[in-house]
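For reference, the structure discussed in these notes is given below.
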Amino acid sequence: MIHILTTGGTIEDLDYENPENNNTQSKITIKEFLDYANVSTPYLIEKAFAKDSRSITAEDRNILLQKINGSSVEKILITHGTFTMEDTAVYLGKQEIKKTIVLVGSFIMGSSKNTDATFNLGFAICALQFLKQGVYIAMNGRIFLWDNVTKNKETNKYVLKNG
137 MIHILTTGGT IEDLDYENPE NNNTQSKITI KEFLDYANVS TPYLIEKAFA
187 KDSRSITAED RNILLQKING SSVEKILITH GTFTMEDTAV YLGKQEIKKT
237 IVLVGSFIMG SSKNTDATFN LGFAICALQF LKQGVYIAMN GRIFLWDNVT
287 KNKETNKYVL KNG
């Protein structure tokens with residue numbers, strides 16, 4: 137079983153510009169991605185919150201931590217915006233949680249024809265099933281440990297901090 141916690145971000149294609157929708161409506165859902173891919177791994181989806189990752193606060197990260205600690209599931213997938221995914225990974229990594237946690241997002245809107253969301257989500261689900269306990273970021277075919285990853289803003293890719 138995989139427990140998927142959603143937080144918003146490009147992967148969910150939320151409409152942050154429209155304050156009336158309270159950031160809850162998206163053009164495509166994580167469940168739809170999983171249905172389209174015919175994913176057979178059992179999963180549970182839970183919305184932690186729905187924010188542009190630039191707006192995620194320490195309180196929001198604490199909400200994630202509470203949901204992770206409260207889950208009976210050992211494999212946690214967190215969908216997250218790419219702007220602060222690294223910050224959330226560091227926060228969770230420092231907590232020394234005895235579960236396997238993978239953060240994933242996309243650089244291209246989930247509803248876009250050329251989105252990387254579908255691939256990243258499938259890759260993260262696969263990786264999650266084989267990784268040891270710890271906190272990771274899975275993006276664009278690569279897996280990074282929480283304490284050795286950074287986003288290269290020029291190339292719009294995650295890279296190793298030390299290497």
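Numbering-wise, the sequence shown is residues 137 to 299 according to my numbering. Backbone N, C-alpha and C define an ideal beta-carbon position, used for all residues, glycine too. If you're wondering where the values come from, they're calculated on a predicted model, not measured in any experiment.
Within the same chain, and ignoring the five residues on either side of Lys203 in sequence, the residues whose Cβ sits closer than 6 Å to its Cβ are Leu141 and Ala184.
In the three-state reduction of the DSSP assignment, Leu267 falls in the coil class. Taking C-beta separations shorter than 8 Å and ignoring five residues to either side along the sequence, the partners of Arg190 in its chain run Gly217, Phe219 and Thr220, following chain order.
Distance from the CA atom of Ser176 to the CA atom of Trp282, rounded to whole angstroms, is 28 Å. Counting along the chain, Asn205 sits inside the alpha helix (DSSP H) bounded by residues Ala194 to Gly206.
Ala274 sits in a strand when the DSSP states are folded into three classes. In this structure, DSSP gives Thr236 an extended state, which the three-state scheme calls strand.
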